[in-house]
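Student:
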Amino acid sequence: MHAHFVLAHPEPQSYNAHLVRSGVEALEAEGWTATVSDLYAMGFDPSERPEHFADPLNPARFDVQAEQRHASANGTLPEHVTAELERMEAADLLVLQYPMWWHLPPAMLKGWMDRVFAYGEAYTSTKRFENGRFVGKRAMLSVTVGTSRETYEHDGRSGDIDLMLWPVNFSLAYLGYTVLDHFVAYGVEAGLRYSDPATVEARLKKVAEDFKMTLTGLDGRPVIPFNRKAEWGEDGRIVPGAPVYSPFIRRRRELELE
Ligand SMILES: Cc1cc2nc3c(=O)[nH]c(=O)nc-3n(C[C@H](O)[C@H](O)[C@H](O)COP(=O)(O)O)c2cc1C
112 MHAHFVLAHP EPQSYNAHLV RSGVEALEAE GWTATVSDLY AMGFDPSERP
162 EHFADPLNPA RFDVQAEQRH ASANGTLPEH VTAELERMEA ADLLVLQYPM
212 WWHLPPAMLK GWMDRVFAYG EAYTSTKRFE NGRFVGKRAM LSVTVGTSRE
262 TYEHDGRSGD IDLMLWPVNF SLAYLGYTVL DHFVAYGVEA GLRYSDPATV
312 EARLKKVAED FKMTLTGLDG RPVIPFNRKA EWGEDGRIVP GAPVYSPFIR
362 RRRELELE
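Just add 111 to the spot in the sequence shown (first one is 1) and you have this note's numbering.
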């Protein structure tokens with residue numbers, strides 16, 4: 112089995128980088144092989160732009176999806192984009208490792224998605240979800256957050272973590288991945304220490320151990336459900352009787368907030 116980690120953190124001594132090293136070590140001890148795309152260290156350019164397309168379809172007006180499709184068809188996607196896709200292709204498990212920054216992934220990771228999940232190559236209107244390129248492979252988010260688990264509960268002040276991570280999980284499902292329940296490292300107080308340093312150290316040590324156990328016990332990990340193609344009507348809306356898995360895609364317009 113082979114795992115690929117995508118790390119979006121600018122500091123090699125960060126807890127995020129530590130988690131990736133711990134994860135690689137744990138999997139290798141179980142006989143896996145592993146690779147890492149350390150996006151900042153690689154100097155990955157997260158901004159999709161015309162300069163990335165050597166043989167543009169339309170030099171007068173940059174249309175991202177049209178250019179990605181054209182480059183996919185002609186084999187002219189940038190080499191560092193195809194290299195990322197090959198690493199994803201080679202992996203049975205993809206782990207996206209990043210810190211929560213302003214309630215979202217760092218722009219580096221989002222830009223990696225914008226560029227690597229290229230139209231034509233990674234997905235098309237017919238090659239997605241259960242017909243997606245990466246069907247049969249598993250993916251999992253591993254996210255660090257500054258505050259406690261309680262603040263990320265459904266009633267917590269940081270917002271419901273399952274909802275906050277849904278858009279990235281949905282994008283992985285869009286590519287065909289079986290998406291495993293995310294791993295969240297809570298209370299990763301980086302430079303600013305609000306708690307006693309020894310308490311933080313002990314917590315972070317335990318989290319890294321939990322991460323290792325998570326990676327070596329993936330078969331028992333819950334899979335996040337998403338709707339299948341047959342559950343969408345002609346108009347793109349959910350059909351009567353289809354299951355509803357998340358408040359993001361639901362039958363009723365009104366959410367019961369209390
Ligand atoms: C730009 C920026 C934005 C942040 N936004 C959030 C946030 O929205 N929610 C949160 O829990 N922590 C937030 N944090 C704290 C980081 O999530 C925390 O520092 C990180 O997970 C620690 O991991 P590290 O030691 O690997 O950097 C933010 C940190 C930075 C630098």
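Glycine is no exception: its CB is placed at the ideal position from the N, C-alpha and C atoms.
May I have all residues whose beta carbon comes closer than 5 Å to any heavy atom of ligand 1, sorted in chain order?
Tutor: Every residue passing the under-5 Å Cβ criterion appears here: S125, Y126, N127, P210, M211, W212, W213, H214, T255, V256, G257, T258, V299, A301.
Student: On the three-state DSSP scale, how would you describe P210?
Tutor: As a first step, residue 210 must be located in the sequence shown, where it is residue number 99. Three-state result, P210: strand.
Student: Just mark F359 as buried or exposed, buried being the case when its beta carbon has 16 or more other beta carbons within 10 Å.
Tutor: Against the sequence shown, residue 359 aligns to sequence position 248. Result: exposed.
Student: Is DSSP giving A250 helix, strand or coil here?
Tutor: Taking the sequence shown and counting its residues from 1, the one referred to as residue 250 is at position 139. The answer is strand: DSSP assigns A250 an E or B state.
Student: How many angstroms separate the CA atom of S253 from the CA atom of D321?
Tutor: As a position in the sequence shown, residue 253 is number 142, starting the count at 1. As a position in the sequence shown, residue 321 is number 210, starting the count at 1. Each residue's Cα considered, the two are about 12 Å apart.
Student: Which residues in the same chain as V290 place their Cβ atom closer than 6 Å to its Cβ, once the five residues preceding and following it in sequence are excluded?
Tutor: Position 179 of the sequence shown holds residue 290. Once the five neighbours on either side are set aside, the close Cβ partners of V290 are A250, N280, L283, A284, I335.
Student: Have a look at L196 and A229 and give me their C-alpha separation to the nearest angstrom.
Tutor: What you label residue 196 is simply residue 85 of the sequence shown in a count that begins at 1. What you label residue 229 is simply residue 118 of the sequence shown in a count that begins at 1. So the alpha carbons of these two residues sit roughly 9 Å apart.
Student: From which residue to which residue does the alpha helix (DSSP H) around D225 run?
Tutor: The residue labelled residue 225 in the question sits at position 114 within the sequence shown. 218-227 is the extent of the alpha helix (DSSP H) around D225.
Student: Give me the residue from D271, V311, T237, P308 with the minimum Cα distance to K340.
Tutor: Position 229 of the sequence shown holds residue 340. Measuring from the Cα of K340, the nearest candidate turns out to be T237.
Student: Do you know offhand how far F155's Cα is from F337's?
Tutor: The sequence position of residue 155 within the sequence shown is 44, counting from 1. The sequence position of residue 337 within the sequence shown is 226, counting from 1. When rounded, the distance between both Cα atoms is 30 Å.
Student: Could you tell me the distance, in whole angstroms, from the CA atom of A202 to the CA atom of A145?
Tutor: Locating residue 202 in the sequence shown gives position 91, counting from the first residue. Locating residue 145 in the sequence shown gives position 34, counting from the first residue. Looking at the two C-alpha atoms, the distance is approximately 8 Å.
Student: Given this structure, state the Cα-to-Cα distance separating L286 from G328, to the nearest angstrom.
Tutor: Along the sequence shown, one-based indexing puts residue 286 at 175. Along the sequence shown, one-based indexing puts residue 328 at 217. So the two alpha carbons sit approximately 24 Å from each other.
Student: Mind checking which residues open and close the alpha helix (DSSP H) that includes D321?
Tutor: Locating residue 321 in the sequence shown gives position 210, counting from the first residue. Unbroken alpha helix (DSSP H) run through D321: 308-327.
Student: For the pair the segment 114-127 and the segment 210-225, tell me if three or more CB-CB distances fall below 8 Å.
Tutor: These segments touch.
Student: Short of 7 Å in beta carbon distance, which residues of its chain neighbour H214, apart from the five on each side in sequence? Order them along the chain.
Tutor: Locating residue 214 in the sequence shown gives position 103, counting from the first residue. These residues qualify, in order along the chain: G270, M275.
Student: For S357 and H293, what's the separation of their Cα atoms in angstroms?
Tutor: For the purposes of this step, residue 357 is taken as the residue at position 246 of the sequence shown. For the purposes of this step, residue 293 is taken as the residue at position 182 of the sequence shown. Cα-Cα distance, rounded: 15 Å.
Student: Applying the criterion that 16 or more other CB atoms from any shown protein chain within 10 Å of the CB defines a buried residue, is Q176 buried or exposed?
Tutor: The residue given as residue 176 occupies position 65 in the sequence shown. When all chains shown are included, Q176 counts as exposed.
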